[in-house]
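The next block holds one structure in the form of structure tokens; read it before the comments.
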Amino acid sequence: MIPLPPLAPPAVLVEEALACDAAFFPTTEEYVDLVHALKADGFEMCVDVCGVDYLEHFDRALPEGVTPTRFEVVANFLSLSKRERVRVRVQAGNESPRVDTLFHVYPGTEAPEREAFDLFGILFDGHPDLTRILMPEDWEGHPLRKDYGVGHVPIQFKEAPGPR
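Residues 64 to 227 (the numbering used here) make up the sequence shown, in order.
Encoded structure:
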């Protein structure tokens, strides 16, 4: 087990992970407190926030005590001064996934949270502008959800010369 940052909530589960120094598994209630603790512990940068849909993988490997949900929010943090990288994985829920925004801790998370909302339908409570960022405003559904129907959008190509 990896030691927690000094200010992290004591109940947060931690394990070693690939491509980073540790992976944290807070509950939705512990999520923002853990991120505040990581920032106070020297993690200057939130590199990414993304959504994951585990529709058919409820049996994925998780630490004991973590109840899997369909949607997960994954945030990656980097400490340049300590040369460390950590990952935070929070179970966001099943039908109406939601977690608190990290915008007030790391302002650069506004765009990736909007992307996770747009493509997965994950709501970020307290986000300053939770609107679509990639899809048109009138688009119905969230295209990266595993149960999103694959449709056909006609593509019009310019006339190109054929093979010679």
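Built from N, CA and C at the ideal position, the CB exists for glycine as well.
Beta strand (DSSP E) containing Glu-158: first to last residue? Run containing Glu-158: none; DSSP gives neither H nor E here.
Per-residue DSSP class, three states only, for Gly-171: It is helical.
Boundaries (first-last residue) of the beta strand (DSSP E) holding Ala-138: Per DSSP, Ala-138 belongs to the beta strand (DSSP E) from 134 to 142.
Quick check on DSSP: helix, strand or coil for Leu-118? Coil at Leu-118, not helix or strand.
Could you tell me the distance, in whole angstroms, from the CA atom of Gly-105 to the CA atom of Gly-171? Taking the straight line joining both Cα atoms gives about 17 angstroms.
Would you report the Cα separation of Ala-103 and Val-77, rounded to the nearest angstrom? Looking at the backbone, the Cα of Ala-103 and that of Val-77 are separated by about 18 angstroms.
Could you say which of Gly-189, Glu-178 and Pro-191 lies nearest to Glu-200 if we only look at CA atoms? Here the closest residue by C-alpha is Glu-178.
Under 8 angstroms Cβ to Cβ from Asp-192, same chain only, skipping five residues before and after it: list those, please. In chain order, Glu-173 and Arg-177 place their CB closer than 8 angstroms to the CB of Asp-192, counting only its own chain and leaving out the 5 sequence neighbours on each side.
What did DSSP end up calling Met-64 once you bin it into helix, strand or coil? Only weak support exists for where Met-64 lies, its pLDDT of 44 falling under 50; the coordinates are left without a value.
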